[in-house]
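Let me begin by presenting the structure, written as structure tokens, before commenting on it.
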Amino acid sequence: MNKVRAHRNRTITLNRGETERYSTNLIHFSKPASVHTLENKIVNQDTFEALTLLPENFVDLLILDPPYNLTKTFNSTTFRKKSIARYAEWLENLLDKLLPTLKNTASVYICSEWFSSTAVHLVLDKLLKVRNRITWEREKGRGAKRNFKNASEDIWFATVSDDYVFNVENIKLKRRVLAPYTDTNGEPKDWLNTSDGQFRLTHPSNLWNDITVPFWSMPENTDHPTQKPEKLLAKLILASTNENDFVFDPFMGVGSSLVSAKKLNRKFLGLEIETEYCLLAAKRLRLAELDMTIQGYNDGVFWERNTLKGQKQKTQTPVASTRQSKKTISQETLIL
Ligand SMILES: C[S@@+](CC[C@H](N)C(=O)[O-])C[C@H]1O[C@@H](n2cnc3c(N)ncnc32)[C@H](O)[C@@H]1O
């Protein structure tokens, strides 16, 4: 049954026609696949089954956002919480199957909640070169009476070798300057004076508090219970890949990493067991062709949260191609 939603609710849903139409975009492997047949595809299949049919050595960036170690139902599939040791075994078994798909220059990011983050660290340390642990402050979180509210997630960063891509210039954060120091000539010291105010481009740290979870008034929102924001994935993709590199997401949910990859001109492959999520991902990829913007990433920089508030609405530039004309057309006016 369709939910009744508020007037300004922009949650992406599927009608019957779209369900039929996007079903034709999904694939399922029954025999070993070659790289070119995987490019920009959504595979509706159990990841553990599909992994046995993937080629070796094609992935530049692996984004792993698996079911967290919590008892949680994703549509019809339920993941059951395990001991930390058992979760580590589950993860190691998964990574063992994924490693052959990675190029020697590949990077890997693994998302985790705090409790099982230790398992992720131990497994990564055994199999890859651990580079960092990003803590993402999600802001939202359920208040607890006898504990601290859990409002963060970890994203572990590892690489296969010491030869890896890291485009630090592409992921700098644009911050408002609080103390606008000047040099002896009265010129700004490491900050920019613009018509919108005084800003500094700062090196990204491993504490991310500039990104909100998708919510109902955002055009990227769906009903997926653990959807990641496009902005967060854009940061990982811009940091660790170049254009036309291959991004692989074996638990893609509603395809947030695929959408960001597409908007940033990267190739992608996503696996997901739930058909409804795959269909929503297909619709989001179609919508990305019409609106290439990524909320919070404007003019080639990541903006500190709420920085643009109060200013006149800036024109968001499409990110994949400057030649592409910007189209921000509401979903309802389009036949998708
Ligand atoms: C944490 S969510 C990923 C959310 C995703 N990053 C997004 O932004 O939409 C994990 C996803 O893995 C899927 N999943 C769980 N077990 C799976 C399996 N064995 N094979 C494929 N997908 C699976 C779930 O249905 C769920 O959508």
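Read in order, the letters of the sequence shown correspond to residues 173 to 508 in the numbering used here. Even for Gly, the Cβ is constructed at its ideal location relative to N, Cα and C. If you're wondering where the values come from, they're calculated on a predicted model, not measured in any experiment.
When the beta-carbon positions are compared, F371 and E211 stay at least 9 Å from each other. The residues P239, K244, in chain order, have a CB closer than 6 Å to that of F251 in the same chain once the five nearest residues on each side in sequence are set aside. Secondary structure of V473 (DSSP, three-state): strand. By a beta-carbon distance limit of 8 Å, V473 contacts L373. Their separation comes to about 7 Å.
Beta-bridge partners assigned by DSSP to R372: R347. With respect to T331, S279 sits close: the two C-beta atoms are nearer than 9 Å.
Under the rule that a run must span 4 or more residues, the alpha helix (DSSP H) segments found entirely inside the stretch 279–316 read 289–299.
Here I466 is not near S429, since their CB atoms are 9 Å or more apart.
Annotation for W363: no beta strand (DSSP E) segment contains it, and DSSP assigns it neither H nor E.
Around T185, the same chain offers no residue with a beta carbon nearer than 6 Å, after the five sequence neighbours per side are excluded. Looking at the DSSP output, G442 bridges to I214, D421.
Under a 10 Å Cβ-count criterion, A257 is classified as exposed, with fewer than 16 other Cβ atoms of the shown protein chains found around its own Cβ.
Judged by the Cβ position, N247 qualifies as a neighbour of ligand 1 at the 8 Å threshold, a heavy atom of the ligand being closer than this.
Judged by beta-carbon spacing, L274 lies beyond the 9 Å limit of S412, meaning their Cβ atoms are not closer than that value. Counting only the Cα atoms, R347 lies some 23 Å from N357.
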